[in-house]
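Single-structure report; data block below.
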Amino acid sequence: MKQNRTALILIACAALLAVGAFLILNRGGEEPSAVRSEVVPPETEPARAPDWVGKGQEAKPDYSPSTAEPETVTPPPAAEPEKTEEPKTIEVSEDKVVTFTFVESLADFLLHRFQPRGPNGKPDSLATAVSLNRYYGRELDGFAVSGDDINGSRKAVYDYAFNPAMLKTLYDIYVPAFMVHLVDTAANTEREYMVGDDKETRTLSTDEIKVMLRLNARRIERTAEVFHAFADDPAIVEMAGRYRRAAKAVERANGQLQTAIAEGKATSEASDRLKQAILFRERSRAETVTHLRKVCQACPESELFYLSQWAYRRTLGQPEEKLKAFGTAADLMDDLAARFRAKADELK
Numbered sequence: 001m002k003q004n005r006t007a008l009i010l011i012a013c014a015a016l017l018a019v020g021a022f023l024i025l026n027r028g029g030e031e032p033s034a035v036r037s038e039v040v041p042p043e044t045e046p047a048r049a050p051d052w053v054g055k056g057q058e059a060k061p062d063y064s065p066s067t068a069e070p071e072t073v074t075p076p077p078a079a080e081p082e083k084t085e086e087p088k089t090i091e092v093s094e095d096k097v098v099t100f101t102f103v104e105s106l107a108d109f110l111l112h113r114f115q116p117r118g119p120n121g122k123p124d125s126l127a128t129a130v131s132l133n134r135y136y137g138r139e140l141d142g143f144a145v146s147g148d149d150i151n152g153s154r155k156a157v158y159d160y161a162f163n164p165a166m167l168k169t170l171y172d173i174y175v176p177a178f179m180v181h182l183v184d185t186a187a188n189t190e191r192e193y194m195v196g197d198d199k200e201t202r203t204l205s206t207d208e209i210k211v212m213l214r215l216n217a218r219r220i221e222r223t224a225e226v227f228h229a230f231a232d233d234p235a236i237v238e239m240a241g242r243y244r245r246a247a248k249a250v251e252r253a254n255g256q257l258q259t260a261i262a263e264g265k266a267t268s269e270a271s272d273r274l275k276q277a278i279l280f281r282e283r284s285r286a287e288t289v290t291h292l293r294k295v296c297q298a299c300p301e302s303e304l305f306y307l308s309q310w311a312y313r314r315t316l317g318q319p320e321e322k323l324k325a326f327g328t329a330a331d332l333m334d335d336l337a338a339r340f341r342a343k344a345d346e347l348k
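The letter at position 286 of the sequence shown is residue 286 when you use full-length UniProt numbering, and the numbering goes up by one with no holes.
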């Protein structure tokens, strides 16, 4: 009985195996079915505030704009800086007699005599043709001369420089450098100025430099008018010569009177001669000044008379050539005055 049961179990197992094999072999010819599975998205961090909100100053916030270029982007070429105008360099070919020191000295002369506020409360300049001539006639500052004879040295300078060609040459050499040096020195070099009743050591402001230039332009134009008169009307120099002769006559008449007094002789005749000589001298002086006043009404009488005598001495022996030199000098002074005004207008 037991053996029959075992045989039945084996037969059933064999049948099950046969059925399973059939099912497996039969599925190999069918299309494979699609495998469907749920797509799981990648985990994302929950939104959170920037680090600096929770950590205060421990973390630096990122303030870069959303449109900022990534770091790998090549930056555009840097813009070239604007070119600034460099200070103008002026080359000067120095003259052998009238040196560049004269240019520096002339600038100092004008600045030393400028008053930002004069006694009357207004700007003023004490620079005049008379003071200029006396200063350089005494100092010869900037002139390459030798020897101790001041009169001989002064004559040598006049003979060298006071002619039309040399005046023009010296002016062309030095005037650009002179203008630059005058303004730069006024703006950057401290010196003592009279300001009202006080003295102040300082530089000049831009407005003061402009006033200084315009004041001196008027003085230069004034002297140019007188020099034009000398060149255009030789009779003025002849008037100055008459005064010189009248002055000598006064000296002689006075000498005769003094001799008569010393010798105990009658003095009435000598005294009359002296009076007549003085009257003629003063008449000659008035004639010269009146004539020059027509061309320069703003000029002081003493300045007109001084310049007439200076012109007479300069023309002795060479009247025609020296009168031409006065005309050239007048033209150059007109140009210099125009440069002064233009520079004053240019300054900001």
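The beta-carbon is built from N, C-alpha and C at its ideal position, and this holds for glycine as well. Because the structure is a prediction, the values reported are computed rather than measured.
Residue pairing by DSSP places residue 248 in no beta bridge whatsoever.
Under the three-state reduction of DSSP, residue 258 is assigned to helix. The region 127 to 170 is shown to contain whole alpha helix (DSSP H) runs of 4 or more residues at 129 to 139, 150 to 161, in chain order. For residue 267, there is no enclosing alpha helix (DSSP H), as DSSP marks it with neither H nor E. By the criterion of at least three beta-carbon pairs nearer than 8 Å, the region 238 to 247 is not in contact with the region 261 to 269. Per the DSSP secondary-structure output, residue 194 pairs in a beta bridge with 199. Distances from the alpha-carbon of residue 124 to those of 257, 240, 131, 113 put 113 closest. When DSSP states are grouped into helix, strand and coil, residue 233 belongs to the coil group. Taking a contact to require three or more Cβ pairs closer than 8 Å, the region 219 to 232 and the region 193 to 208 do not qualify as touching.
Taking 9 Å as the cut-off, the Cβ atoms of residue 115 and residue 194 count as close. Annotation for residue 339: the continuous alpha helix (DSSP H) segment containing it runs 319 to 346. Exposed is the label assigned to residue 348, since fewer than 16 other Cβ atoms lie within 10 Å of its Cβ. Here the alpha carbon of residue 104 sits roughly 40 Å from the alpha carbon of residue 281. The DSSP-derived three-state label of residue 205 is coil.
Boundaries of the alpha helix (DSSP H) harbouring residue 303: 301 to 315, taken from the DSSP string.
Of all alpha-carbon atoms in 143, 117, 314, 304, the one lying nearest the alpha-carbon of residue 224 is that of 304. Taking 9 Å as the cut-off, the beta carbon of residue 213 is found closer than this to the beta carbon of residue 343.
Annotation for residue 107: the continuous alpha helix (DSSP H) segment containing it runs 100 to 112. 9 Å or more divides the Cβ of residue 175 from the Cβ of residue 293. Sorting 137, 97, 167 by C-alpha distance to the C-alpha of residue 322 places 167 at the top.
The C-alpha of residue 306 lies about 26 Å from the C-alpha of residue 119. Cβ contact annotation for residue 274 (same chain, cutoff 6 Å, sequence separation greater than five): 253, 254, 257, in chain order. Looking at 189, 220, 99, the one whose alpha-carbon comes closest to that of residue 141 is 99. The beta-bridge partner set that DSSP reports for residue 115 consists of 124.
Here residue 285 is buried: its Cβ has 16 or more other Cβ atoms, across all protein chains shown, within 10 Å.
Taking 8 Å as the upper bound for CB-CB distance, residue 239 and residue 291 are in contact here, some 6 Å apart. Between the beta-carbon of residue 177 and that of residue 341 there is about 19 Å, and that puts the pair past the 8 Å contact cut. Distance check between residue 182 and each of 259, 134, 173, 109 places 109 closest, using alpha-carbon atoms only. Around the CB of residue 215, 16 or more other CB atoms lie within 10 Å, so the residue is classed as buried.
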